[in-house]
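Engineer:
Chains as they are written, first to last, in the working numbering: chain L, 808 to 942; chain P, -9 to 322.
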């Protein structure tokens, strides 16, 4: 029996530029054009200066592992064929954090502070997720 | 008053009871974070004269609907789009991520979490209503399977169906009732800065939990501090939440909650801060924290099956989500 399709983003106005860039295998971050604060996940208003104006800038693509879990069964059916699998929080060089999966590393070898770089996993037509590999 | 993720409606209860007009009702947001808030809103309605008697209830019947995070569609909008696509899907995964970070920053360990789970199990053994009936050794804890590393099976709450209610009324009316009352001394709610529902790793310091913000208002409202509390009931959907709440509400310094639990402090039998004396969500039942509020009332009435010397109780709701808390004390 095949797994049901993986969950994929249903982008809103604020998040669409991030997901459009990801589909091109580019990692971008939202930046307030008024005060310069970088924020993630994307949202309409800057929490620092309340400006509604923002732009998306190319991220360096580098970061460090901030925390991680290893999920074991039972999980959602669409992830059942992957267990055990890791989910990581990466602290990007730009200072924001992002959730992803760390590839090419045994789950037992994941460590806090490990340097990682972004890559992209194509999950369905037109949808790619940022994922991470050791730097 | 109800709180969100509740499937039984006010009008249904009113129709079944034949109530001619229900003149006050409300719904406090954020599921497990909301129980104490619902009690607080009820107390405010009574204090303003809007209502004289308010029932706060929780009913769970998992067979009659899907789990909220088990979406039927694979198109995920809202804040879930920022974590579900990578498989961070279950509440246990979201709290395990915070637990790992607590271990990294403060050196807390799974031995600390084992102490939390074992203390609550010990309490459940004296409680005839508790679902868990067998003692738990350290080996039992460590031999159990991982659910989401670093969390194991007994770090997770039970799965329960059940229904519970708290009745609030004026102190004057309560004096005439057969059961001694418990007085709501203070309540608070809090979200803290830049918070999402649960997968909350985007704030400057995710270990600075919503409870740390609710705590300041709680102690102000109650006119007391953590040193004045005899017994606590801390929301324990997962064992690390107990550690984080001990720190948030000032019973320990940041980072010291795990070691405090491991010292035996949470045990009804001789502990300095008896905690979740009915067995809590880990070993009594998981009813979205309403059983913790009720056990707090039992401690004040002297009817707990793990009774401690108790004039004051603090109760928290879920502290990985926007949260709420209560101080209860013996009615004069």
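Yeah, the Cβ is synthetic: ideal placement off N, Cα and C, and Gly gets one too. These figures come from a predicted structure and were not determined experimentally.
#1: Report the three-state DSSP secondary structure of residue 20(P) (helix, strand or coil).
#2: Count the CB pairs spanning the region 153 to 165 of chain P and the region 124 to 142 of chain P that are closer than 8 Å, and state whether there are at least three.
#3: Going along the chain, which residues of its own chain have a beta-carbon closer than 8 Å to the beta-carbon of residue 838(L), five neighbours each way excluded?
#4: Of all Cβ atoms in chain L, is any one closer than 8 Å to the Cβ of residue 181(P)?
#5: What is the C-beta distance between residue 924(L) and residue 907(L), in whole angstroms, given that I count them as a contact (C-beta under 8 Å)?
#6: Compare the C-beta of residue 47(P) against all C-beta atoms of chain L and say whether one is closer than 8 Å.
#7: Specify the secondary structure class of residue 893(L) as computed by DSSP and reduced to three states.
#8: Taking residue 929(L) as part of the beta strand (DSSP E), name the residues at either end of that continuous run.
#9: Mark residue 36(P) as exposed unless 16 or more other C-beta atoms lie within 10 angstroms of its C-beta, in which case mark it buried.
#10: Please classify residue 305(P): is it buried, with 16 or more other beta-carbons within 10 angstroms of its beta-carbon, or exposed?
#11: With 16 as the cutoff for other CB atoms within 10 Å, does residue 913(L) come out buried or exposed?
#12: Per DSSP, what kind of secondary structure is residue 161(P) in: helix, strand or coil?
#13: Check the Cβ-Cβ distances between residue 841(L) and every residue of chain P, and say whether any is below 8 Å.
#14: Does any CB atom of chain L fall closer than 8 Å to the CB of residue 137(P)?
#15: Whole angstroms is fine: what's the gap from residue 808(L)'s alpha carbon to residue 909(L)'s?
#16: In chain B, what lies closer than 8 Å to residue 74(P) by C-beta?
#17: How about residue 250(P): is its C-beta nearer than 8 Å to some C-beta of chain L?
#18: According to DSSP, residue 816(L) sits in a beta bridge with which residue or residues?
#19: Beta-carbon within less than 7 Å of residue 940(L)'s beta-carbon, same chain only, minus the 5 sequence neighbours each way: which residues are those?
#20: Report yes or no: is there a C-beta of chain P within less than 8 Å of the C-beta of residue 827(L)?
#21: Entirely within the region 842 to 869 of chain L and at least 3 residues each: give me those beta strand (DSSP E) ranges in chain order.
#22: For residue 108(P), tell me which candidate among 317(P), 297(P), 309(P), 259(P) has the shortest Cα-Cα distance.
#23: Quick one: using the 10 Å Cβ neighbour count with 16 as the cut-off for buried, is residue -8(P) buried or exposed?
#24: Use the C-beta contact count for residue 63(P): other C-beta atoms within 10 angstroms, 16 or more gives buried, fewer gives exposed.
#25: Between residue 216(P) and residue 177(P), is the Cβ-Cβ spacing less than 8 Å?
#26: Where does residue 273(P) fall in DSSP's three states?
#27: Grouping DSSP H, G and I as helix and E and B as strand, with all else coil, what is residue 219(P)?
#28: From the DSSP output, in three-state form, read off residue 808(L) for me.
#29: Please report whether the beta-carbon of residue 90(P) lies at a distance below 8 Å from any beta-carbon of chain L.
#30: Give a yes or no on whether the minimum CB-CB distance between residue 169(P) and chain L is below 8 Å.
#31: Using a Cβ-Cβ cut-off of less than 7 Å, list which residues of the region 905 to 921 of chain L approach chain P; keep chain order.
#32: Alpha carbons only, please: which of 232(P), 238(P), 248(P), 237(P) is nearest the one belonging to residue 269(P)?
#33: Does any CB atom of chain P fall closer than 8 Å to the CB of residue 858(L)?
#34: Taking the CB atoms as reference points, tell me whether residue 256(P) and residue 156(P) lie closer together than 8 Å.
Structural biologist: In this structure, then:
#1: To locate residue 20(P), count along the second chain from 1; it is residue 30. In the structure shown, residue 20(P) sits in coil (DSSP, three-state: anything other than H, G, I, E or B).
#2: no
#3: Within the first chain, the letter at position 31 stands for residue 838(L). Taken in chain order, the residues that qualify are 844, 845, 846, 861, 862, 863, 864.
#4: Against the second chain, residue 181(P) aligns to sequence position 191. No, its Cβ sits nowhere closer than 8 Å to a Cβ of chain L.
#5: Along the first chain, one-based indexing puts residue 924(L) at 117. Along the first chain, one-based indexing puts residue 907(L) at 100. With 8 Å as the limit, residue 924(L) and residue 907(L) do not qualify as a contact, their Cβ atoms being about 11 Å apart.
#6: Stepping through the second chain from its first residue, residue 47(P) is reached at position 57. No, no contact with chain L.
#7: For this step, residue 893(L) is matched to residue 86 along the first chain. Strand at residue 893(L).
#8: Position 122 of the first chain, counting from 1, holds the residue named residue 929(L). First-last of the beta strand (DSSP E) with residue 929(L): 922 to 931.
#9: By one-based count along the second chain, residue 36(P) stands at place 46. The residue is buried, with at least 16 neighbouring Cβ atoms inside 10 Å.
#10: The residue given as residue 305(P) occupies position 315 in the second chain. Label assigned to residue 305(P): buried.
#11: Translated into positions along the first chain, residue 913(L) becomes position 106. Exposed.
#12: Numbered from 1 along the second chain, position 171 holds the residue referred to as residue 161(P). Of the three classes helix, strand and coil, the one that applies to residue 161(P) here is helix, per DSSP.
#13: Translated into positions along the first chain, residue 841(L) becomes position 34. Not closer than 8 Å to any Cβ of chain P, the Cβ of residue 841(L) fails to qualify, so no.
#14: As a first step, residue 137(P) must be located in the second chain, where it is residue number 147. At least one chain L Cβ lies under 8 Å of residue 137(P).
#15: For this step, residue 808(L) is matched to residue 1 along the first chain. For this step, residue 909(L) is matched to residue 102 along the first chain. Note that residue 808(L) has pLDDT 49, beneath the 50 cutoff, so the model's placement of it is unreliable and no number is given.
#16: Absent from the structure: chain B. Protein chains present are L and P.
#17: On the second chain, position 260 is the one that residue 250(P) refers to. Cβ-Cβ to chain L under 8 Å: no for residue 250(P).
#18: Mapped onto the first chain, residue 816(L) falls at position 9. The partner list for residue 816(L) (beta bridge, DSSP) reads 66(P).
#19: For the purposes of this step, residue 940(L) is taken as residue 133 along the first chain, with counting starting at 1. 910, 911, 923, 924, 926, listed in sequence order.
#20: Numbered from its first residue, the first chain carries residue 827(L) at position 20. Judged by the 8 Å Cβ criterion, residue 827(L) is not in contact with chain P.
#21: 861 to 865
#22: For the purposes of this step, residue 108(P) is identified with residue 118 of the second chain, where counting begins at 1. Nearest of 317(P), 297(P), 309(P), 259(P) to residue 108(P), Cα basis: 259(P).
#23: Indexing the second chain from 1 puts residue -8(P) at position 2. Per the 10 Å Cβ criterion, buried.
#24: By one-based count along the second chain, residue 63(P) stands at place 73. Residue 63(P) is exposed by the Cβ-count criterion.
#25: The residue you call residue 216(P) lines up with position 226 of the second chain. The residue you call residue 177(P) lines up with position 187 of the second chain. Result no, Cβ atoms of residue 216(P) and residue 177(P) do not sit closer than 8 Å.
#26: Translated into the one-based positions of the second chain, residue 273(P) becomes position 283. It is helical.
#27: Numbered from 1 along the second chain, position 229 holds the residue referred to as residue 219(P). It is coil, neither helix nor strand.
#28: By 1-based counting over the first chain, the position of residue 808(L) is 1. Any reading at residue 808(L) needs caution, since the residue's pLDDT is 49, under 50, leaving its predicted position unreliable; the model's value is listed next. DSSP places residue 808(L) in coil when its eight states are reduced to three.
#29: Along the second chain, one-based indexing puts residue 90(P) at 100. Judged by the 8 Å Cβ criterion, residue 90(P) is in contact with chain L.
#30: Residue 169(P) sits at position 179 when you count from the first residue of the second chain. So, not an interface residue.
#31: 906, 907, 908, 919
#32: Within the second chain, residue 269(P) is the residue found at index 279, counting from 1. If we check each option's Cα against that of residue 269(P), 232(P) comes out closest.
#33: On the first chain, position 51 is the one that residue 858(L) refers to. Output row for residue 858(L): interface = no.
#34: Stepping through the second chain from its first residue, residue 256(P) is reached at position 266. Stepping through the second chain from its first residue, residue 156(P) is reached at position 166. Their beta carbons are not under 8 Å apart, which means residue 256(P) does not touch residue 156(P) by this criterion.
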